[in-house]
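This report refers to the structure that appears directly beneath it.
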Amino acid sequence: KTEQEFLISSTVTVCVFLIRYHE
Amino acid sequence: MDKLRQVIEEYPRWQDLTVYIDRIELFIESDFSSAQENAKALLESIAQEICKQFTIEVEKNISINKLLGKAFNCF
Chain B
910 KTEQEFLISS TVTVCVFLIR YHE
Chain S
240 MDKLRQVIEE YPRWQDLTVY IDRIELFIES DFSSAQENAK ALLESIAQEI
290 CKQFTIEVEK NISINKLLGK AFNCF
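Line by line, the protein sequences are chains B and S. Heads up, the first sequence stops at 932 in our numbering, and the numbers go up one at a time, no gaps. Heads up, the second sequence stops at 314 in our numbering, and the numbers go up one at a time, no gaps.
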């Protein structure tokens, strides 16, 4: 479960980064 | 996930992405592969939008890795 959580949370972090950087 | 929702609220043009977040939250406990698929689709959608705004051409069947590479190169 921890690995799954890590996978999703890292994906979401990249998403946040992309949007913030783009804006 | 809350951080992403917050960012999307700040920039309404990304509002369509909430569909993916809702799905990820829905599936994360019960069906991880669906949650993962939606996380991938979320990333893909953001990368596509960034490439579009920078008028970067994206091949139809481009891999997620290449697509993300192109999006990062826009910066």
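The beta carbon of each residue, even a glycine, is placed where N, CA and C say it ideally should be. No experiment lies behind these values; they were computed from the predicted model shown.
Within the stretch 243–273 of chain S, the complete alpha helix (DSSP H) segments at least 4 residues long are 257–266, listed from N- to C-terminus.
Close CB contacts of Trp253(S) within its chain, under the 6 Å cut and outside five residues either way in sequence, are with Ile247 (chain order). Cβ-Cβ distances below 8 Å link Ala278(S) to Tyr259, Ile263 in the same chain, with the five nearest sequence neighbours on each side left out; the list follows chain order. Residues of chain B with a Cβ closer than 7 Å to the Cβ of Phe314(S) are, in chain order, Tyr930. Chain B places a beta carbon closer than 9 Å to that of Ile267(S), counting this residue as a contact.
Here Asn304(S) carries a helix assignment [DSSP, helix/strand/coil].
Taking 9 Å as the CB threshold, Thr911(B) stays off the interface with chain S. In the three-state scheme derived from DSSP, where H, G and I count as helix and E and B as strand, Thr920(B) is classed as helix. Taking 9 Å as the cut-off, the Cβ atoms of Leu927(B) and Ala274(S) do not count as close.
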